[in-house]
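Visitor:
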Amino acid sequence: MATPAESESISAPRRSPSGLRWGRGALLAVALPSITLVVLLVLWDRAVVHFQIPSTLLARPLDVLSELAYGLKTGTLLIHTWVTLQEVFYGFLVGGFAGFALGALVAESTFTRLALYPFLVAFQMIPKVAIAPLFIIWLGYGVSSKVAFTASITFFPVVINTIVGLRSVDSEVLEMMRVFRATRWQAFYRVKLRFALPYLFASLEVAMVLSVIGAIVAEFVGATKGLGYLILQEMHQLETARVFAVLIVLSVVGIILSWVIRVIARAALFWHESERGMPN
Amino acid sequence: MTTQGRARDVQVAGLWKTFDTQRGEQVNALQDIHLSIRAGEFVSVVGASGCGKSTLMRIVCGLIAPTRGRVAVDGEAVTQPRDDVGVVFQNAVLLPWMTVKDNVLMPSDLRSRRRAEHEERAQALLQMTGLTGFESKYPFELSGGMRQRVSICRALMCQPSFLALDEPFGALDAMTREQMNLELMRIWAETGATVLFITHSVPEAVLLSDRVVVMTPRPGRIADVIPIELPRPRSLKDYGSELFNGYTSRIREHLGAQTLA
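For the protein sequence lines, the chains are A and B, in the order given.
Take 48 as the starting number for the first sequence in the working numbering and just add one per residue.
Take 425 as the starting number for the second sequence in the working numbering and just add one per residue.
In structure tokens form, the structure reads like this:
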């Protein structure tokens, strides 16, 4: 573990050197995106008016907002969001756990590696979207087919990163564990797993995004509830403003979910280079 | 610290180690090594990089098996790492998510659930190495020298009667290194453990050791074993004394001869 910065200083510089610069940076970090957003919205609105774009093609931002408010008030949006959230959550959980378990088996045992790894690689090559109809055929139009499809999509990044992570452990550390006469389980649980965590969390971030995509795609293929189903319904009725309202809900859901993963990762990886010296 | 288990003697007899290279050739890392370390003795092994001194240490610690020959600690053949052997590597190899105290307690945590029984010893070790007040710091908050001190504390945690150190101060700057040398001498005096010390620094070896083993590379062989009869306790003042220089130049003759050959 040859860290390049073998400095003699005792305190780790966790905060930026001057508080002033920090404050300005934070202000800019809020102000600049806000300005970008306002400019884009105004451009969008002016374009719709100026080019007389019909509302079935592109609604005005304020119309989208009022549809969003209406959907939230009547509860329609909330009901469908709740359904999709459940699919995302359980799919992510199942896919994540299965991915981690299989990754650990492949990384830790030559037997399972030889038996399973070629099929893992082959299966990963199949475009997942193409198999979504199968899940509908097998499990029906309800939540379970969406969970299964979402799980199958989130599974791969987690498997691969678990394998890479568990194999990334410094050989010196493992040698040290042998000196301490640690059991195989102790070496796995106390050392390898911890070193794999940065890789695992990176894949969970990807998996979280993929799980939202997975739920929506599965709903497109066949569903009676959920945000993907809602998008299709509104599309068929040319209610473009409502489609945009659903998209806003989806992006807010996505942002919150990734943020949750980031917060957990930050707490678990405080010791890792990727997290040190980062603000907030 | 004085309640150490009895020091062990270490016997290395007819040790050979052959590695297969990727090209399929065979390299003799060690050739016919005989070495006997008395209980409580401080023995250093010096040599250029690639002379097999780290391989020798790993075999003595039971981390790798020799091709031929035998290592015994107190007459017992070494086939795997032993409980009573403490090891320090060139890198501190601390676990970055654990505090200093948790790192030091790690060997005992692996063996027993009753942590409280060991905390006192950990505390005493940290005090001995000047780390009091740093118990709850993380490795990334420490300097290189301090990290290596934590690593030494950890090696001493299980009351080893034999301590093997593989270039422990190689990554440190010269001033920290001298300070660590003095500390190691003090620790050795306090614990009375047998020490095998691998280094590529000739003065370091002479300052610390009862005997210095000089190794030459390809194949790794013992060129000479030189008893160092400087009186103890030694200090940095010994550097540059006539006797001291005599030893270093005698060792360097061996090391120089091999580069010309």
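Glycine included, every Cβ here is placed at the ideal spot set by N, Cα and C.
What does Ala229(A) reach in chain B if we use C-beta pairs closer than 7 Å?
Guide: The count along the first sequence starts at 1 and reaches residue 229(A) at position 182. Simply Leu534.
Visitor: Alpha carbons only, please: which of Asn605(B), Ala516(B), Leu587(B) and Leu529(B) is nearest the one belonging to Leu660(B)?
Guide: What you label residue 660(B) is simply residue 236 of the second sequence in a count that begins at 1. The shortest Cα separation from Leu660(B) among Asn605(B), Ala516(B), Leu587(B) and Leu529(B) belongs to Asn605(B).
Visitor: Does DSSP put Ala437(B) in a helix, a strand or coil?
Guide: Mapped onto the second sequence, residue 437(B) falls at position 13. Note: Ala437(B) maps to strand in three-state DSSP.
Visitor: Does the count of Cβ pairs from the stretch 135-150 of chain A and the stretch 277-293 of chain A closer than 8 Å reach three?
Guide: no
Visitor: Return the first residue and the last residue of the alpha helix (DSSP H) that Val111(A) is part of.
Guide: Within the first sequence, the letter at position 64 stands for residue 111(A). Run containing Val111(A): Pro108 to Thr121, per the alpha helix (DSSP H) assignment.
Visitor: Are the C-beta of Val238(A) and some C-beta of chain B separated by less than 8 Å?
Guide: In the first sequence, counting from the first residue as 1, residue 238(A) sits at position 191. With 8 Å as the cut-off, Val238(A) counts as an interface residue toward chain B.
Visitor: Against Arg233(A), what residues of chain B qualify as contacts under a CB-to-CB distance less than 7 Å, listed in chain order?
Guide: Within the first sequence, residue 233(A) is the residue found at index 186, counting from 1. Residue identity differs from the one stated: residue 233(A) is Gln in this sequence, not Arg. Under the 7 Å cutoff, chain B gives Leu534.
Visitor: How should Ser532(B) be labelled, buried or exposed, when 16 other C-beta atoms within 10 angstroms of its C-beta is the threshold for buried?
Guide: Against the second sequence, residue 532(B) aligns to sequence position 108. If you draw a 10 Å sphere on the C-beta of Ser532(B), you find 16 or more other C-beta atoms in it, and that means buried.
Visitor: Would you mind giving the Cβ-Cβ distance between Thr197(A) and Phe139(A), rounded to the nearest angstrom? I have them listed as a contact below 8 Å.
Guide: Reading the first sequence from its first residue, position 150 is the one you call residue 197(A). Reading the first sequence from its first residue, position 92 is the one you call residue 139(A). Distance from Thr197(A) to Phe139(A) at the Cβ level is roughly 7 Å; contact confirmed, criterion being Cβ atoms closer than 8 Å.
Visitor: Under 8 Å, do Val700(B) and Val636(B) count as touching if we go by C-beta distance?
Guide: Nothing can be reported for residue 700(B): it is not among the residues displayed for chain B, which extend from 425 to 685.
Visitor: Taking the alpha carbon of Met481(B) as the point to measure from, which residue in Glu559(B), Arg539(B), Val436(B) and Gly464(B) has its own alpha carbon closest?
Guide: The sequence position of residue 481(B) within the second sequence is 57, counting from 1. Considering only alpha carbons, the answer is Val436(B).
Visitor: Using alpha carbons as the reference points, say which of Pro80(A), Tyr246(A), Glu134(A) and Leu79(A) lies closest to Val211(A).
Guide: On the first sequence, residue 211(A) is found 164 positions in, with the first residue counted as 1. The residue with the shortest Cα to Cα distance from Val211(A) is Tyr246(A).
Visitor: At 8 Å on the CB atoms, spell out the chain B contacts of Val220(A), in chain order.
Guide: If you number the first sequence from 1, residue 220(A) lands on position 173. The answer, in chain order, is Val517 and Leu519.
Visitor: Give the DSSP-derived three-state secondary structure of Leu459(B) in the structure shown.
Guide: Looking up residue 459(B) in the second sequence gives position 35. If DSSP states are grouped into helix, strand and coil, Leu459(B) belongs with the strands.
Visitor: What are the start and end residues of each continuous beta strand (DSSP E) run of 3 or more residues lying completely inside the stretch 583-655 of chain B, in chain order?
Guide: 586-590, 618-623, 635-640 and 645-651
Visitor: Could you name the residues that DSSP lists as bridge partners for Phe466(B)?
Guide: Working through the second sequence from its first residue, we reach residue 466(B) at position 42. Partner(s): Val619(B).
Visitor: Quick check on Asn452(B): does DSSP put it in helix, strand or coil?
Guide: Against the second sequence, residue 452(B) aligns to sequence position 28. Strand, per DSSP.
Visitor: Measuring CA to CA, which of Arg601(B), Gly616(B) and Pro641(B) is closest to Glu628(B)?
Guide: The residue you call residue 628(B) lines up with position 204 of the second sequence. Cα-wise, what sits closest to Glu628(B) is Arg601(B).
Visitor: Ignoring anything shorter than 4 residues, give me the alpha helix (DSSP H) runs that lie fully in the stretch 151-204 of chain A, in order along the chain.
Guide: 157-172 and 179-186
Visitor: Between Thr427(B) and chain A, is there a C-beta pair that is closer than 8 Å?
Guide: Taking the first residue of the second sequence as position 1, residue 427(B) is located at position 3. Bear in mind that a pLDDT of 40 at Thr427(B), under 50, signals an unreliable position, so the number given afterwards is only what the model happens to contain. Closer than 8 Å: no.
Visitor: Verify the CB distance criterion: does Cys577(B) have a CB-CB separation below 8 Å to chain A?
Guide: If you number the second sequence from 1, residue 577(B) lands on position 153. So no, Cys577(B) is outside the interface.
Visitor: Per DSSP, which one or two residues make a beta bridge with Gly510(B)?
Guide: Translated into the one-based positions of the second sequence, residue 510(B) becomes position 86. Answer is Leu587(B), bridged to Gly510(B).
Visitor: Classify Asp498(B) as helix, strand or coil using the three-state DSSP reduction.
Guide: Taking the second sequence and counting its residues from 1, the one referred to as residue 498(B) is at position 74. Correct three-state label for Asp498(B): coil.
Visitor: How many angstroms separate the CA atom of Met599(B) from the CA atom of Ser468(B)?
Guide: The count along the second sequence starts at 1 and reaches residue 599(B) at position 175. The count along the second sequence starts at 1 and reaches residue 468(B) at position 44. Counting only the Cα atoms, Ser468(B) lies some 20 Å from Met599(B).
Visitor: For Trp440(B) and Val509(B), what's the separation of their Cα atoms in angstroms?
Guide: In the second sequence, the residue the question calls residue 440(B) occupies position 16. In the second sequence, the residue the question calls residue 509(B) occupies position 85. If I take the Cα positions, the gap works out to 22 Å.
Visitor: Would Pro584(B) and Pro520(B) qualify as a contact pair, given that the criterion is a beta-carbon distance under 8 Å?
Guide: Start at 1 with the first residue of the second sequence, and residue 584(B) comes out as number 160. Start at 1 with the first residue of the second sequence, and residue 520(B) comes out as number 96. No. Outside cutoff.
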